[in-house]
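Remarks on the structure that follows.
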Amino acid sequence: MEPHVFSNLVTTALFAGLMLALWGARRSLLWRNAGRELVRRRPISLAVVAAYALVAGLDSIAWTDPHDAVGEDQAVLLGVARTVVDRFFPADFQEASYSAPLADRELYGGEPLSHPGAHWLGTDIIGRDVFHRALKGARVALIIGGLTSLIVLPLALLVGVSAGYVGGRLDDAVFFVMSTLASMPSLLLLIALIMVLGVGTVQVCVALGVTGWVGLARLVRAETMKIRELEYIDAARVLGASELRIVWRHVVPNLMHLVVITFALLFSSLVLSEVVLSWLGIGIDGSWGRMIDQARTELSREPVIWWSLLTASIALFALILAVNQVADAVRDILDPRTAGERS
Amino acid sequence: MAKVGAAVWIFILCALAACTNNPYPDADSGRSVLYRTMRKSPPKTLDPAVAYSVADHLVTGTVYDTLIDYDYLARPYRLIPGLVEAIPEEVEHGDGTWSLSFRLRPDLVYDTDECFELSRSGARSRPILASDIAFELMRLADPSVGSPVGAVFARIVGYAEFTKRLQALRDGDPAFEARRIDEQYREAGGVDGIRVRSDRDLEIVLSQSFPQLLYWFAMEFTTPVPWEAVVYYDGEDGRDVFSEHAVATGPFRLTRYEKRSRISLEPNSNWYGIRHPEWHAPGATYPTRGSQEDRSSGLLDPRYVGRPLPFLDGVELVFENEQIPGFNKFLQGYYDYSAIIEETFDQVVSEGGLTPGMEAMGVGLSKTPQAAVYYVGFNMDDPVVGRSGGDRSRLLRQAMSHAIDSEEFIRLFFSDRGIAAESPLPPSIFGSEEGEGNPFRRVDLDRARTLLAEAGYSRGIDPATGRPLKLSFTTGDTSARARLRYQFFVDSWRRIGIDVEIKSTNYNQFQDVLRRGAYQTFFFGWGADYPDPENFLFLLWGDLAKSKSGGANSANFDNPEYDALFLEMRNLPNGPERLAIIGRMLEILRVERPWIEIFTPEEYVLSHGWVRNLKSFGMSVPMLQYLDVDAPARTERRMAWNQPLEWPAWVLAALVVAAVIPGIVTFLRERQ
């Protein structure tokens with residue numbers, strides 16, 4: 000299968016899954032009220048996050064078009080798919096080298112640009128449009144946060160619930176593994192894992208996942224131990240429910256608020272971790288971290304080239320801030336101790 | 000209370016008045032000590048048999064002298080006698096062997112060192128003997144030393160056999176390995192072709208003619224090394240290890256070796272140039288001849304011409320972790336010369352010359368093309384781009400060559416500090432002029448598309464898949480800056496419709512990929528060991544193909560005609576005959592395109608006006624003994640450029656006071 004077809008399918012599936020989850024949540028009073036409260040408390044942050052998600056989604060849907068090859072000077076490879084975001088920009092939207100935002104000449108040498116005044120945020124050293132790259136970074140950031148969470152959440156739930164519910168030897172073993180992982184500096188572990196796995200999107204996400212699941216697993220384990228002792232579990236057991244059914248119907252749903260809160264908090268820390276990895280030269284192609292890394296020496300150039308660094312930093316900052324704001328609100332809403340507070 | 004306050008103020012004022020940012024002791028300001036930074040990293044080793052990086056050579060090339068030296072000013076490079084009386088000539092014997100006879104100068108001695116106690120009680124030094132050179136050559140053959148250039152000397156008769164015998168003895172008897180290293184070598188029978196004729200005479204017997212061997216005697220690998228130093232400096236009982244301790248034979252000796260912060264050198268009073276200035280030995284005297292250009296740039300100053308070396312009172316090499324602060328200290332006058340760093344390039348250089356600001360500071364700029372070449376190589380074993388694809392692959396390689404704009408590459412990533420390459424030979428190398436005018440290195444996208452269509456990839460489409468031809472580009476640097484460079488090539492090839500994917504690995508993985516042969520195109524560079532065309536053209540010699548012999552020919556280029564010409568060229572002296580053969584070899588490369596030659600970097604060195612005799616060399620030979628500094632002028636300039644700026648201190652003090660007063664007021668009020 001062509002990679003872009005795969006990407007389109009995955010995007011559609013993810014979108015469908017999201018809709019399904021929202022629809023499912025609407026049926027529960029708790030989630031419906033929480034959702035309404037969230038929209039009321041953080042409308043702007045939610046809109047920002049949604050905008051990022053929209054850009055990332057549009058950047059995941061691609062197709063090939065026979066009209067893509069522009070004239071004789073093929074700016075785009077024949078038969079190579081371009082995404083919706085790519086199609087906002089002309090196909091040959093590249094200059095020879097640096098140009099300032101909205102400039103009509105190259106920064107060094109002063110050659111006229113092929114797209115004067117069209118690069119809203121300038122171009123980088125090999126003439127790529129900075130705005131375009133920043134938009135494409137959204138997809139990478141969401142993949143890092145999303146894919147890693149897909150690794151972390153099931154793993155942490157499985158390990159945490161089984162340790163908390165079964166207890167005994169299993170609990171000892173799991174707790175030993177968790178303590179061991181938690182006692183290692185996570186950055187060193189990350190670097191070592193990536194050295195072993197190799198550099199690439201999936202590998203980086205796996206490495207982040209392996210180092211990131213311990214926190215949630217601990218929470219889940221403790222919460223499961225608490226729930227295990229509650230009366231309704233005893234009642235279910237007396238009524239003859241199997242252990243698996245108890246876990247699935249009575250324990251896991253009562254852990255979901257933890258999962259949602261952790262996911263929201265984890266997301267921003269994962270995106271930031273990737274920036275650190277990019278700094279060490281083992282990040283993901285096309286990420287904002289990579290952009291910042293490539294731009295870090297540009298500030299000491301003369302004249303200063305600030306647009307790459309600033310654009311990537313602001314894109315990153317806005318997403319992290321919005322996600323943190325939302326995460327904060329989610330925690331306040333879902334945590335029974337703070338649920339009643341109005342802010 | 001008031002008294003204490005006054006005392007504090009007086010102290011602060013005094014401190015401010017005496018405050019300078021001079022990082023060196025004041026006592027050194029009058030001495031002509033040269034200050035410079037180390038290369039990007041501190042030296043890894045000082046063992047002359049192992050040291051191979053530019054950072055290592057900066058120290059080893061200064062403390063170890065070689066049998067043969069380079070003329071400081073002559074270009075193209077010219078060899079002059081160093082520790083030997085004359086440069087030997089290769090003599091052909093009837094029996095299929097060749098030989099070289101070195102005769103050391105009389106009265107050469109090592110620097111004083113406690114290791115000589117081992118040979119004679121109370122001894123602090125001893126003469127340099129021919130047997131010490133033989134000892135060092137045997138160390139190169141010793142697998143436990145791990146010299147990177149051991150294989151070079153395999154043409155010495157009995158060299159490989161010595162390695163085998165030594166290994167066999169060590170494997171056979173653990174007690175043997177514990178014995179003194181020189182005794183081990185003697186027990187193994189020595190190398191047959193290394194013959195010590197007397198204390199001063201050494202004969203090297205070769206199984207093949209090897210004219211380039213002389214260049215290897217101009218490198219520190221073949222410097223005389225006393226066995227006492229290797230044995231004594233074993234790291235036991237608080238002694239150094241040999242790779243951190245040098246027994247000097249060269250113009251300078253180490254007085255301090257803290258490689259992560261500072262390395263200090265002072266003139267070696269046991270060096271023959273200092274002990275015997277009356278000899279006017281060519282390796283210890285400032286050259287009297289130079290080009291017109293040297294004369295106009297002040298390199299033939301009568302104060303120095305014909306005078307004995309060295310001129311400096313000392314050398315300080317300081318390690319700077321970050322480049323920008325290092326460069327700023329150069330601008331403040333605390334380093335005497337500096338390379339140009341990318342970030343400040345436009346502040347320093349404009350249109351090929353210095354900016355007016357730099358000129359006003361009296362800074363000088365010296366440019367030299369390095370003896371190095373960077374290239375994109377094709378793996379000739381690959382079915383798509385390599386030889387089995389025949390004409391089709393050749394046309395593809397030619398098309399890809401037409402698509403790369405080296406000038407643009409140099410402009411973007413090296414601020415024009417480089418020369419676009421058209422052949423493997425850099426401009427400072429004999430025969431390079433034959434490589435000029437390579438039609439396939441002209442940027443011509445239309446021609447590239449035509450060639451690509453002829454190769455059967457019309458508009459870049461691979462008929463087998465109906466999609467753009469997909470190639471891999473293997474690279475050995477994962478830094479952000481390097482990735483942009485690789486992206487430049489990929490973008491260039493995309494313009495003719497080829498889809499090239501970067502396979503990014505770190506340098507070790509890159510070497511591994513090359514060994515395993517799983518690559519199509521790659522980016523690589525080569526810095527010459529010695530300035531001879533052989534040292535570049537051998538990179539494409541079939542016998543050294545990576546896939547066949549693990550050699551340096553990573554393109555796996557294997558062309559019988561080229562190989563025959565190479566073997567013929569290798570043994571010829573520079574002259575019209577050799578030039579003609581080189582021309583034919585370059586013609587083969589031009590058409591076959593195993594490489595897309597990209598560029599030769601230019602070394603730009605900035606130096607302050609008080610530095611005398613600086614000429615950048617283009618190879619990693621430090622040549623510090625030729626330099627001098629005008630210390631009084633330097634002190635004066637440093638004072639002028641580093642006037643303390645006092646007002647920020649006052650502002651800070653005012654802020655502190657302003658911040659503290661409300662606190663005191665509150666405190667007093669609350670106490671009442």
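So the protein sequences, as listed, match chains A and B. Heads up: the first sequence at position 146 corresponds to 145 in numbering that gives the first Met the number 0, and the numbers run straight through without jumps. Heads up: the second sequence at position 230 corresponds to 229 in numbering that gives the first Met the number 0, and the numbers run straight through without jumps. Cβ atoms here follow ideal geometry from the backbone N, Cα and C, with glycine treated the same way. In this text, all values refer to a predicted model and were calculated from it rather than measured experimentally.
Below 8 Å, can you find three or more Cβ-Cβ pairs linking the segment 147-159 of chain A to the segment 196-212 of chain A?
yes
Using a Cβ cut-off of 7 Å, pull out every chain B residue sitting near A/Ile125, in sequence order please.
Leu411, Leu483, Gln486, Phe487, Asp490
Would you list, in sequence order, the uninterrupted alpha helix (DSSP H) runs of no fewer than 4 residues that lie entirely inside the segment 334-413 of chain B?
344-347, 355-359, 389-401, 405-413
Find the residues of chain A that neighbour B/Glu406, judging by a C-beta separation of less than 9 Å, and give them in chain order.
By Cβ distance, chain A contributes nothing, its closest Cβ being about 11 Å from B/Glu406, past 9 Å.
Of all the options A/Trp247, A/Leu279, A/Leu149, which has the alpha carbon lying nearest to the alpha carbon of B/Thr477?
A/Leu279
Can you give me, in chain order, the residues of the segment 308-342 of chain B that have a beta carbon less than 8 Å from any beta carbon in chain A?
Ile323, Glu341, Glu342
Span of the beta strand (DSSP E), counted from its first residue to its last, around B/Leu102
Contrary to the premise, residue 102 of chain B reads as Arg rather than Leu in this sequence. Taken as a continuous stretch (DSSP letters only), the beta strand (DSSP E) holding B/Arg102 covers 97-102.
Using three-state DSSP, classify B/Thr665 as helix, strand or coil.
helix
Would you verify that the beta carbon of A/Gln293 is, or is not, closer than 8 Å to some beta carbon of chain B?
yes
Are the C-beta of A/Leu179 and some C-beta of chain B separated by less than 8 Å?
Note that residue 179 of chain A is Thr in the sequence shown here, rather than Leu. Cβ-Cβ to chain B under 8 Å: no for A/Thr179.
State buried or exposed for B/Asn378, treating a residue as buried only when at least 16 other CB atoms are found within 10 Å of its CB.
buried
Cβ of B/Ala479 within 8 Å of any chain A Cβ:
yes
Would you kindly report the start and end of the unbroken beta strand (DSSP E) that includes B/Thr284?
Run containing B/Thr284: none; DSSP gives neither H nor E here.
Under 8 Å: do the segment 239-251 of chain B and the segment 58-68 of chain B share three or more Cβ pairs, one atom per stretch?
yes
Within 10 angstroms of its Cβ, does B/Ala177 collect 16 or more other Cβ (buried), or is it exposed?
exposed
Against chain A, which members of the segment 345-361 of chain B pass a CB distance test of less than 8 Å?
Asp345, Gln346
Cα-Cα separation between B/Gly582 and B/Val151, rounded to whole angstroms:
26 Å
Hey, how far is the Cα of A/Leu318 from the Cα of A/Gln324?
10 Å
Looking at the structure shown, is A/Glu273 part of a helix, part of a strand, or coil, going by DSSP?
helix
Out of B/Arg35, B/His56, B/Glu321, B/Ser120, which has the shortest C-alpha to C-alpha gap to B/Ser263?
B/Arg35
Do B/Leu311 and B/Asp25 have their C-beta atoms within less than 8 Å of each other?
no
Taking B/Ile597 as part of the alpha helix (DSSP H), name the residues at either end of that continuous run.
Premise fails: B/Ile597 lies in the beta strand (DSSP E), 594-606, not in any alpha helix (DSSP H).
Would a check of beta-carbon distances place B/Pro223 closer than 8 Å to chain A?
no
Would B/Asp443 pass as an interface residue toward chain A - the criterion being a Cβ-Cβ separation below 8 Å?
no
Which residue or residues does DSSP assign as beta-bridge partners of A/Gln93?
A/Arg127
Quick check: is the beta carbon of B/Asp498 nearer than 8 Å to any beta carbon in chain A?
yes
Report yes or no: do the segment 582-599 of chain B and the segment 349-361 of chain B share at least 3 C-beta pairs separated by less than 8 Å?
no
Step through the CB atoms of chain B and report whether any lies within less than 8 Å of the CB of A/Ile281.
yes
State the start and end residues of the unbroken alpha helix (DSSP H) segment that holds B/Trp270.
It is not in any alpha helix (DSSP H) - B/Trp270 carries neither H nor E in the DSSP assignment.
Along chain A, which residues have their Cβ under 7 Å away from the Cβ of B/Ser427?
Under the 7 Å cutoff, chain A gives no residues; its nearest Cβ is about 28 Å from B/Ser427.
Secondary structure, alpha helix (DSSP H): runs of 4+ residues fully inside the segment 415-477 of chain B
444-453
For A/Pro153, which three-state DSSP category applies?
helix
When every heavy atom of the ligand ZN is checked, does at least one fall within less than 7 Å of the C-beta of B/Pro368?
No copy of the ligand ZN appears in this structure; indeed no ligand is present at all.
At a Cβ threshold of 8 Å, is B/Ser503 touching chain A?
yes
Residue from A/Leu271, A/Val237, A/Val250, A/Val322 with nearest C-alpha to A/Ile260:
A/Val322
For B/Val442, tell me which candidate among B/Thr474, B/His401, B/Ser52 has the shortest Cα-Cα distance.
B/His401
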